[in-house]
Amino acid sequence: EENLLHLGRDAIARVIEYGSRLAEDQQKLSTQFAVIADLIREANFYAVQEGAEQVARQHVTKAIEEKVYRSNLIQKKIEEFIKRGIFLIETEGEKVGQVNGLSVVGLGDFAFGRPSRVTASIGVGREGIMDIEREAALGGPIHTKGVLIINGYLNGRYAHDKPLSLSARLVFEQSYSGIEGDSASSTELYALLSALSGLPLKQYLAITGSVNQKGEVQAIGGVNEKLEGFYEVCKAKGLDGNQGVLIPASNVQNLMLKEEIVEAAKAGKFRIYPVQTIDEGIEVLTGIPAGVRREDGTYEEGTVNYLVDKRLQEMAETMRGYQQPMAAK
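To get this note's numbering, take the position in the sequence shown, counting from 1, and add 979.
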């Protein structure tokens, strides 16, 4: 009825890929027929402009890119601020107690990933883990639940032979609006483990994924947008082949990335690390073995878990030594 050109095989394949992207699932297609129909109409326009006999893959790709371009001004502004050092995001080197988290910003029918610096600070005390976002009334209930799960993880793994004498603070730096969801709970836990162990984390890696009390990394939403958001920042600052993103292994089936990122990954310019557990992730971030608990309850020396456990033991002894004189009074 609209006298559109026929779609070539490669164009049909590209439309199918886009449908899977909308569904966020490699095994499903979107039923947003109006959105897909608009895409085909726009691709047809570019094909007619070129005088092509049929719509080809490049016409569909151009239609997708132009649709993004019409909506991504805020995304480009954020990337500019990061490049100019206004928003503090590092894509090289290593730091203790600091890591790059990823969130999704939604603008109508357009969404993009934004990296944010997550930091952890620790001290001796009885307060446990304090979520600064919650204290500032910026954290939602699911985000708060994620922080409480981190506390459960620490208790289950390190508090068998000692009380946790820990006062810790977790925060999303330069965050001025509400934060909701638990997709950064693994990110916050990595920052905390780094602060406790004293081991620096690779700043050229970003992280997404929720965690349970057993240390299993769980699937999250918006994995494509988050991964692409960090890629764009790294590209703006310069790709060096080390940068990449840690994602839950269960989210691999949801990956429907831009062709540019697929090609960059194939060429070894950008890396994607699917992880199933916190132990797997901390090994990637530090380059140090996580360490397995031995029969006597201790961890192998020199491992991440050994260093965390040792620090928590020292903090418990410090707290005990402080409380004894107080009790004598």
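Note that CB positions come from ideal geometry on N, CA and C, so glycine has one too.
Please read these numbers as outputs of a predicted model, since none were measured by experiment.
- Counting only runs of 4 or more residues that sit fully inside the region 1183-1271, the alpha helix (DSSP H) segments are 1202-1216, 1238-1245 and 1257-1265, in chain order.
- The beta carbon of Val1014 lies closer than 8 angstroms to those of Leu1001 and Asp1088 in the same chain, with the five residues before and after it left out.
- Across the set Ala1026, Ala1246 and Glu1167, the C-alpha of Glu1167 shows the shortest separation from the C-alpha of Arg1096.
- For Ile1019, the three-state secondary structure derived from DSSP is helix.
- Just so you know, the alpha carbons of Gln1006 and Pro1142 end up roughly 47 angstroms apart.
- For Gly1072, same chain residues with a beta-carbon under 7 angstroms away, outside a window of 5 residues either side, are Gln1182 in chain order.
- Look at Phe1151 here: in three-state DSSP terms it is strand.
- Note that the C-beta distance between Gly1220 and Lys1248 is below 7 angstroms.
- Taking C-beta atoms as the reference points, Arg1113 and Thr1098 fail to come closer than 7 angstroms.
- Of the other Cβ atoms in all chains shown, 16 or more fall within 10 Å of the Cβ of Asp1288; this residue is therefore buried.
- Per DSSP, Phe1089 is one residue of the beta strand (DSSP E) stretching across Phe1089 to Val1103.
- The three-state reading of DSSP puts Val1075 in coil, since its state is none of H, G, I, E or B.
- In the DSSP assignment, Gly1107 falls outside any alpha helix (DSSP H) and lies within the beta strand (DSSP E) extending over Gly1107 to Asp1110.
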